[in-house]
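Okay, so here's the structure we're looking at.
In the working numbering, the protein residues as written are 2 to 323.
And the structure:
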């Protein structure tokens, strides 16, 4: 009791060790009936979508447009900013991007759940290389029961720890890396950043005309595989009659994914819409904040809606209405 009392006193008095600096601070909401725990140091969305826990796949089944990609797509393709544009042509969108994700899981989900969106908008930042993340590899080895325990156990642990550490100091949170806590909307896929610092760091870098030598060497090494994997993904989209629109959100780094996407598309010949804007603001590393997502959607969505094939989709949508 003495140790506990001392720790609580230290927590209240020491400016660097307060609950307000951790995910256990007061006022953080629990997941609601319309949201689920996507990330808390590790991504649970892979598990949730693979097994359709909480019926997270339902909205993807109903969506006309799926927005796909990695974590930069989670931050960049925010439904509150793309949906007003889709409303103009009567289409419904859903953000099915995953932290660290490539096209491997979306391709599996489209096949497994027999999804038939009219269009996919892809942040092709190594997306078409179809690499498996560590979370996908772990799921491959796990039984359905094991996945159930992992997903719901992690969600329950968050609720318990969130309350427990209002009483017992979260010592690990003081010494370790603070973990981002993200919920996602079941209906739209929108990210809800429950805990995570907004860095406010300018994202000023834009890709130059040519990649540097290190990126060129990586592309040359990965190109043959990329051609095979991108062909597999695109064949499945064609088989299902799904329009593919590619873009790449800036990463404020070496833009390796951007250069690879352009190189692959020289052969694939798919619609590519440029989406690089100057002077965006980062929320977490190379991920843009909400205002930058709004700017991105205001630039990108009119270009997508103006595409003749998208206009044709909108026309078909109007024809099917009673």
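Built from N, CA and C at the ideal position, the CB exists for glycine as well. Given the structure is predicted, the values throughout are model-derived calculations rather than measurements.
Residue 130 vs residue 51 beta-carbon contact at 8 Å: Locating residue 130 in the chain shown gives position 129, counting from the first residue. Locating residue 51 in the chain shown gives position 50, counting from the first residue. In this structure, residue 51 does not lie closer than 8 Å to residue 130 by Cβ.
Could you compute how far the alpha carbon of residue 265 sits from the alpha carbon of residue 244? Taking the first residue of the chain shown as 1, we reach residue 265 at position 264. Taking the first residue of the chain shown as 1, we reach residue 244 at position 243. Taking the straight line from one Cα to the other gives about 17 Å.
Every unbroken alpha helix (DSSP H) inside the stretch 102-148 [4 residues or more]: 105-113 and 135-141
DSSP three-state assignment for residue 170, whether helix, strand or coil: Walking along the chain shown from the start, residue 170 turns up at place 169. Coil at residue 170, not helix or strand.
Taking the beta strand (DSSP E) that residue 36 belongs to, which residues open and close that run? Locating residue 36 in the chain shown gives position 35, counting from the first residue. Run containing residue 36: 36-41, per the beta strand (DSSP E) assignment.
Quick check on this structure: which residue in 207, 181 and 208 has the alpha carbon closest to the alpha carbon of residue 196? By 1-based counting over the chain shown, the position of residue 196 is 195. It is 181.
List the whole-angstrom C-beta distance separating residue 1 from residue 38, where the pair is believed to meet the contact cut-off of C-beta under 8 Å. Residue 1 is absent from the structure shown; the chain starts at 2 and stops at 323.
3 or more residues per run - each beta strand (DSSP E) lying fully within the stretch 226-303: 244-248 and 281-285
Out of curiosity, what's the CA-to-CA distance linking residue 44 and residue 100? By one-based count along the chain shown, residue 44 stands at place 43. By one-based count along the chain shown, residue 100 stands at place 99. In a straight line, the C-alpha of residue 44 is about 7 Å away from that of residue 100.
How far does the alpha helix (DSSP H) with residue 87 in it reach, from first residue to last? Reading the chain shown from its first residue, position 86 is the one you call residue 87. From DSSP, the alpha helix (DSSP H) with residue 87 extends over 80-88.
So, are the CB atoms of residue 120 and residue 216 less than 8 Å apart? Counting from 1 along the chain shown, the entry for residue 120 is found at position 119. Counting from 1 along the chain shown, the entry for residue 216 is found at position 215. No, these two residues do not count as a Cβ contact at 8 Å.
Is it buried or exposed, residue 67, if we count other Cβ atoms within 10 angstroms and call 16 or more buried? To locate residue 67, count along the chain shown from 1; it is residue 66. Residue 67 comes out buried.
Supposed contact pair residue 191 and residue 81 - C-beta distance, whole angstroms, cut 8 Å: As a first step, residue 81 must be located in the chain shown, where it is residue number 80. As a first step, residue 191 must be located in the chain shown, where it is residue number 190. Confirmed, Cβ separation roughly 6 Å.
Which two residues bound the contiguous beta strand (DSSP E) that contains residue 326? Shown here, the chain extends from 2 to 323; a query on residue 326 therefore has no answer.
Backbone CA spacing between residue 237 and residue 115 [nearest angstrom]: Position 236 of the chain shown, counted from the start, is the residue given in the question as residue 237. Position 114 of the chain shown, counted from the start, is the residue given in the question as residue 115. Distance between the alpha carbons of residue 237 and residue 115: 11 Å.
Got a sec? Which residues, its chain only, sit under 6 Å from residue 75 by beta carbon, not counting five neighbours each side? As a working note, residue 75 is residue 74 in the chain shown. If we look at residue 75 and ignore the five residues flanking it on each side, its Cβ neighbours are 98 and 192.
Distance, residue 248 Cα to residue 276 Cα: As a first step, residue 276 is located in the chain shown; it is residue number 275 there, counting from the start. As a first step, residue 248 is located in the chain shown; it is residue number 247 there, counting from the start. Straight-line Cα distance between these residues: approximately 6 Å.
Report the residue from 30, 262, 92 and 162 whose alpha carbon sits nearest the alpha carbon of residue 226. As a position in the chain shown, residue 226 is number 225, starting the count at 1. Here the closest residue by C-alpha is 262.
Given 7 Å as the limit, tell me if residue 247 has its C-beta closer than that to any heavy atom belonging to the ligand NAP. Of ligands this structure carries none, so the ligand NAP is not represented either.
Indicate whether residue 137 and residue 105 have their beta-carbon atoms separated by less than 8 Å. Translated into positions along the chain shown, residue 137 becomes position 136. Translated into positions along the chain shown, residue 105 becomes position 104. Yes, the Cβ-Cβ distance between residue 137 and residue 105 is below 8 Å.
Rounded C-alpha distance that separates residue 156 from residue 169: Position 155 of the chain shown, counting from 1, holds the residue named residue 156. Position 168 of the chain shown, counting from 1, holds the residue named residue 169. For residue 156 and residue 169, the distance between alpha carbons rounds to 20 Å.
I'd like the list of long-range same chain contacts for residue 152, defined as Cβ closer than 8 Å, with 5 residues on each side in sequence excluded. As a first step, residue 152 is located in the chain shown; it is residue number 151 there, counting from the start. Only 45, 48, 49, 52 and 54 meet the Cβ criterion.
Going by Cα to Cα distance, which pick from 111, 255 and 167 is closest to residue 218? Within the chain shown, residue 218 is the residue found at index 217, counting from 1. When each option's Cα is compared against that of residue 218, the closest is 255.
What's the call for residue 57, buried or exposed, on a 16-neighbour Cβ count within 10 Å? The residue given as residue 57 occupies position 56 in the chain shown. Answer is buried; the Cβ neighbour count reaches 16.
Would you mind stating whether residue 232 and residue 220 have Cβ atoms separated by less than 8 Å? As a working mapping, residue 232 is identified with position 231 in the chain shown. As a working mapping, residue 220 is identified with position 219 in the chain shown. Cβ distance not < 8 Å, so residue 232 and residue 220 don't count as in contact.
Endpoints, the alpha helix (DSSP H) within which residue 48 is located: Position 47 of the chain shown, counting from 1, holds the residue named residue 48. First-last of the alpha helix (DSSP H) with residue 48: 46-52.
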